[in-house]
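Undergrad:
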């Protein structure tokens with residue numbers, strides 16, 4: 208399944224195909240911009256780890272379009288548009304379900320204005336006491352130093368199992 212996610216993520220980002228058609232000047236400028244975009248996304252994960260809402264808000268564009276994985280517990284309001292929608296509809300609901308929620312990014316794959324991140328979610332649901340341990344692929348779009356779009360791919364069955372009482 209992760210292989211399918213990786214292939215989809217590469218297709219979404221324009222991966223190797225786009226790189227093959229770049230001219231030399233664009234190729235020289237692209238790595239610096241890709242590194243800057245990756246730094247923005249890394250800053251977001253640091254803010255998540257610190258549970259620092261103001262820092263998260265500084266990294267997300269005020270009109271961010273946030274899409275949770277289809278079939279997941281927070282996909283019911285997709286796409287979330289704007290900071291309030293994301294904070295209330297996603298982050299707020301995760302906080303209701305998980306006291307010890309963790310996002311661990313493992314690999315960053317920048318490509319143009321997108322950054323794909325592979326990693327894991329972990330936590331224990333407060334009411335069901337079911338553990339969550341799920342892989343993810345996140346696709347971020349970055350413009351002008353802000354995250355303007357997010358697409359999540361994850362093991363939605365693991366999420367549903369954790370948050371659904373028996």
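Numbering (the numbering used here), first residue to last: 208 to 373. The beta carbon of each residue, even a glycine, is placed where N, CA and C say it ideally should be.
1. Please classify residue 261 as buried or exposed, where buried requires at least 16 other C-beta atoms within 10 Å of its C-beta.
2. Give the range of the beta strand (DSSP E) segment to which residue 338 is assigned.
3. Could you name the residues that DSSP lists as bridge partners for residue 329?
4. On the CB-based measure, 16 or more other CB atoms within 10 Å of its CB, does residue 321 come out buried or exposed?
5. Do residue 272 and residue 284 have their C-beta atoms within less than 7 Å of each other?
6. Taking the alpha-carbon of residue 339 as reference, which of 355, 362, 349 and 358 has the nearest alpha-carbon?
7. Using the C-alpha atoms, what's the distance from residue 316 back to residue 275?
8. Using only alpha-carbon positions, find the residue among 328, 238, 334 and 352 that is nearest to residue 344.
9. Within 10 angstroms of the Cβ of residue 244, are there 16 or more other Cβ atoms? Answer buried if so, exposed if not.
10. Between the beta-carbon of residue 304 and the beta-carbon of residue 332, is there less than 7 Å?
11. Rounded to the nearest angstrom, how far is the Cβ of residue 266 from that of residue 297, given a contact under 8 Å?
12. Could you tell me the distance, in whole angstroms, from the CA atom of residue 359 to the CA atom of residue 312?
13. If you reduce the DSSP assignment to three classes, tell me which class residue 275 lands in.
14. Start and end of the beta strand (DSSP E) containing residue 357?
TA: Concretely, from the data shown:
1. Reading the chain shown from its first residue, position 54 is the one you call residue 261. Using a 10 angstroms sphere on the CB of residue 261, the tally of other CB atoms stays under 16, which defines it as exposed.
2. Residue numbering aside, residue 338 sits at position 131 when the chain shown is read from its first letter. Residues 338 to 350.
3. As a working note, residue 329 is residue 122 in the chain shown. Note: residue 329 sits in a beta bridge opposite 309 and 340.
4. For the purposes of this step, residue 321 is taken as the residue at position 114 of the chain shown. With 16 or more neighbouring CB atoms inside 10 Å of its own CB, residue 321 falls in the buried class.
5. Taking the first residue of the chain shown as position 1, residue 272 is located at position 65. Taking the first residue of the chain shown as position 1, residue 284 is located at position 77. No, Cβ-Cβ distance for residue 272 and residue 284 is not below 7 Å.
6. Looking up residue 339 in the chain shown gives position 132. Residue 339 has its Cα closest to that of 362, out of 355, 362, 349 and 358.
7. Position 68 of the chain shown, counted from the start, is the residue given in the question as residue 275. Position 109 of the chain shown, counted from the start, is the residue given in the question as residue 316. Their Cα atoms are separated by approximately 20 Å.
8. If you number the chain shown from 1, residue 344 lands on position 137. Among 328, 238, 334 and 352, the Cα nearest to that of residue 344 is on 328.
9. Here residue 244 corresponds to residue number 37 of the chain shown, with the count starting at 1. Its Cβ being crowded by 16 or more others within 10 Å, residue 244 is buried.
10. The count along the chain shown starts at 1 and reaches residue 304 at position 97. The count along the chain shown starts at 1 and reaches residue 332 at position 125. Yes, they are a contact pair.
11. In the chain shown, counting from the first residue as 1, residue 266 sits at position 59. In the chain shown, counting from the first residue as 1, residue 297 sits at position 90. Not really, about 15 Å apart at Cβ, beyond 8 Å.
12. Numbered from 1 along the chain shown, position 152 holds the residue referred to as residue 359. Numbered from 1 along the chain shown, position 105 holds the residue referred to as residue 312. About 13 Å.
13. Within the chain shown, numbered from 1, the residue matching residue 275 stands at position 68. Taken through DSSP and simplified to helix, strand or coil, residue 275 comes out as coil.
14. Counting from one through the chain shown, the residue named residue 357 turns up at place 150. Run containing residue 357: 353 to 361, per the beta strand (DSSP E) assignment.
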